[in-house]
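S.K.:
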Amino acid sequence: MGATVIDVAKIAGVSRTTVSNVFNGRAKCSEETREAVLSAAKQLGYTPNMAAKSLVTNQSHLIGLLLPSYVDNNTLTGSPFYNIILDGMYSVLREDEYYDLMIFCIPPQRVLQDVSAWMDMRNVDGIIAVGEYERSFLDELDGRGIPVVLVDNYALNGWGHFSYLNSDDTRGGYLATKHLIARGFRSIALCTSTLDSPISHKRYEGYRQALQEAGYQEIVLEKIHTPFEGGLALGEEAIQQQVDAAFCTEDMIAVGVMNALLRKGVRIGQDFGLVGFDNLNISAQVYPGLTTIDQNIFAKGAIAAKTLLDILKNDALQGSRFILPVVLVERESA
Numbered sequence: 104m105g106a107t108v109i110d111v112a113k114i115a116g117v118s119r120t121t122v123s124n125v126f127n128g129r130a131k132c133s134e135e136t137r138e139a140v141l142s143a144a145k146q147l148g149y150t151p152n153m154a155a156k157s158l159v160t161n162q163s164h165l166i167g168l169l170l171p172s173y174v175d176n177n178t179l180t181g182s183p184f185y186n187i188i189l190d191g192m193y194s195v196l197r198e199d200e201y202y203d204l205m206i207f208c209i210p211p212q213r214v215l216q217d218v219s220a221w222m223d224m225r226n227v228d229g230i231i232a233v234g235e236y237e238r239s240f241l242d243e244l245d246g247r248g249i250p251v252v253l254v255d256n257y258a259l260n261g262w263g264h265f266s267y268l269n270s271d272d273t274r275g276g277y278l279a280t281k282h283l284i285a286r287g288f289r290s291i292a293l294c295t296s297t298l299d300s301p302i303s304h305k306r307y308e309g310y311r312q313a314l315q316e317a318g319y320q321e322i323v324l325e326k327i328h329t330p331f332e333g334g335l336a337l338g339e340e341a342i343q344q345q346v347d348a349a350f351c352t353e354d355m356i357a358v359g360v361m362n363a364l365l366r367k368g369v370r371i372g373q374d375f376g377l378v379g380f381d382n383l384n385i386s387a388q389v390y391p392g393l394t395t396i397d398q399n400i401f402a403k404g405a406i407a408a409k410t411l412l413d414i415l416k417n418d419a420l421q422g423s424r425f426i427l428p429v430v431l432v433e434r435e436s437a
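Each residue of the sequence shown is one higher than the last, beginning at 104 in our numbering.
Shown next, in the form of structure tokens:
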């Protein structure tokens, strides 16, 4: 027979109520008491019965995470961004006994039908949705009456009780472009998958502002594809357009551009300036190192998860707005 709450209480030297409070988070306990209970539970191999707990608290302890699907339906391997944001979320959810994060990757054309069916089958306590979604889908989430945190989403009108978390994307585009101008580059392209994306468009707005201040012309290059492959094509186009620098709205686009240019013998950082956006690990691993905008993706995931958990404990916190600061990380590419 497995260990029980009574066994844990005896070893920890506390009451059964205290053990329950530690695992349910219903009351404040001292850190010393909490550590004693968790240590005893670990020693005994005790795990709280989540099914029973759900009946008592009316919570499933399931968080639904919605991720956009790339054109090749390979979201988690298509960009390291999503793995980093997941790490940030898990770092918070583990601390709060939310063992299950249900991940759902969906192509845009099936999002409403598929997610509705998924939510009918699974009683999730709340939703974190990363990326942009159609109004009809946001209306569907709204009708579910559960807390929703939108990450990298600018649909601020009509869903006032949703919480929003974005990076300062416009500021990032501005910093990247100003840096290229300061380095002496004059013909600066914006390389992106599509300006139809509100995130990319916000970064474009910063790019445009910096160019207007300097009196330079915009050169917008778009290629709808997965970021790296799109970057390869954009690098070829940059050569044809005879630009001498590029601000890429994602690091993986910039890595693709870099590969295309290096194959043509272009000296990155000398003949051609290149700045990305994300500060993924690969930006420090490529050669030359990629100058980029750091949006602290891990923190974005952690804040999204903490925001949702805080709302689950106090629904008056719904409707919060977070804008995360960004910084330029300078390396050899510009």
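Glycine is no exception: its CB is placed at the ideal position from the N, C-alpha and C atoms.
#1: Hey, is the region 397-412 in contact with the region 364-378, meaning 3+ C-beta pairs nearer than 8 Å?
#2: Between which two residues does the beta strand (DSSP E) carrying A143 extend?
#3: So, are the CB atoms of I166 and D255 less than 8 Å apart?
#4: Give the straight-line distance between the Cα atoms of E237 and T136, rounded to the nearest whole angstrom.
#5: Mind reading off the beta-carbon distance from D354 to I385? Whole number of angstroms is fine, and I expect it under 8 Å.
#6: Expressed to the nearest angstrom, what Euclidean distance is found between the alpha-carbon atoms of L168 and Y267?
#7: With C-beta atoms as the reference, is L170 less than 8 Å away from V251?
#8: Give me whichever residues DSSP pairs with V441 in a beta bridge.
#9: Excluding the five sequence neighbours on either side, which residues of its own chain have a C-beta within less than 8 Å of the C-beta of Q345, listed in chain order?
#10: Would you call the region 419-426 and the region 300-316 touching, i.e. three or more CB-CB distances under 8 Å?
#11: Express the C-alpha separation of Q388 and L314 in angstroms, rounding to a whole number.
#12: Going by the CB atoms, is the gap between I356 and P330 shorter than 8 Å?
#13: When the distance is taken between beta carbons, is G338 closer than 8 Å to V360?
#14: Leaving out five residues before and five after A341 in sequence, what residues of the same chain have Cβ atoms less than 6 Å from its Cβ?
#15: Would you tell me roughly how many angstroms separate the C-alpha atoms of E308 and Y149, rounded to the nearest one?
#16: Let me check understanding here. Comparing Cα to Cα, which of I327, D271, E435 lies closest to R370?
#17: Find the nearest neighbour of N186 within the set Q421, I400, A115, judged by alpha-carbon distance.
#18: Are the CB atoms of L335 and N362 nearer to each other than 8 Å?
#19: Within a Cβ cutoff of 7 Å, which residues of the same chain sit near E494, ignoring the five residues on either side of it in sequence?
M.R.: Judging by the given coordinates:
#1: no
#2: As a first step, residue 143 is located in the sequence shown; it is residue number 40 there, counting from the start. Not the beta strand (DSSP E): A143 falls in the alpha helix (DSSP H), residues 134-147.
#3: Taking the sequence shown and counting its residues from 1, one reaches residue 166 at position 63. Taking the sequence shown and counting its residues from 1, one reaches residue 255 at position 152. No, these two residues do not count as a Cβ contact at 8 Å.
#4: Counted from its first residue, the sequence shown places residue 237 at position 134. Counted from its first residue, the sequence shown places residue 136 at position 33. Distance from the CA of E237 to the CA of T136, rounded to the nearest whole angstrom, comes to 47 Å.
#5: Position 251 of the sequence shown, counting from 1, holds the residue named residue 354. Position 282 of the sequence shown, counting from 1, holds the residue named residue 385. The Cβ separation is near 7 Å, so the contact holds.
#6: Here residue 168 refers to the residue found at position 65 when the sequence shown is read from its first residue. Here residue 267 refers to the residue found at position 164 when the sequence shown is read from its first residue. Rounded to whole angstroms, L168 to Y267 spans 14 Å at the Cα level.
#7: Walking along the sequence shown from the start, residue 170 turns up at place 67. Walking along the sequence shown from the start, residue 251 turns up at place 148. The criterion of a C-beta distance shorter than 8 Å is not satisfied by L170 and V251.
#8: This structure gives no information on residue 441, because the portion of the chain shown stretches from 104 to 437.
#9: Stepping through the sequence shown from its first residue, residue 345 is reached at position 242. Excluding sequence neighbours, Q345 sits near S290.
#10: no
#11: Mapped onto the sequence shown, residue 314 falls at position 211. Mapped onto the sequence shown, residue 388 falls at position 285. Roughly 29 Å between the two C-alpha positions.
#12: Your numbering for residue 330 matches position 227 in the sequence shown. Your numbering for residue 356 matches position 253 in the sequence shown. It is a contact, given that the beta carbons lie within the stated cut-off.
#13: Counted from its first residue, the sequence shown places residue 360 at position 257. Counted from its first residue, the sequence shown places residue 338 at position 235. Cβ distance < 8 Å, so V360 and G338 count as in contact.
#14: Sequence index remark: in the sequence shown, residue 341 carries index 238 (1-based). Cβ within range, chain order: A292, A349.
#15: Within the sequence shown, the letter at position 205 stands for residue 308. Within the sequence shown, the letter at position 46 stands for residue 149. Taking the straight line joining both Cα atoms gives about 54 Å.
#16: Along the sequence shown, one-based indexing puts residue 370 at 267. With distances taken between CA atoms, R370 lies nearest to E435 out of I327, D271, E435.
#17: Residue mapping note: residue 186 aligns to position 83 of the sequence shown, counting from 1. For the residues Q421, I400, A115, the minimum Cα distance to N186 belongs to I400.
#18: Against the sequence shown, residue 335 aligns to sequence position 232. Against the sequence shown, residue 362 aligns to sequence position 259. Cβ distance < 8 Å, so L335 and N362 count as in contact.
#19: In this structure the chain extends from 104 to 437, so residue 494 is not present and cannot be described.
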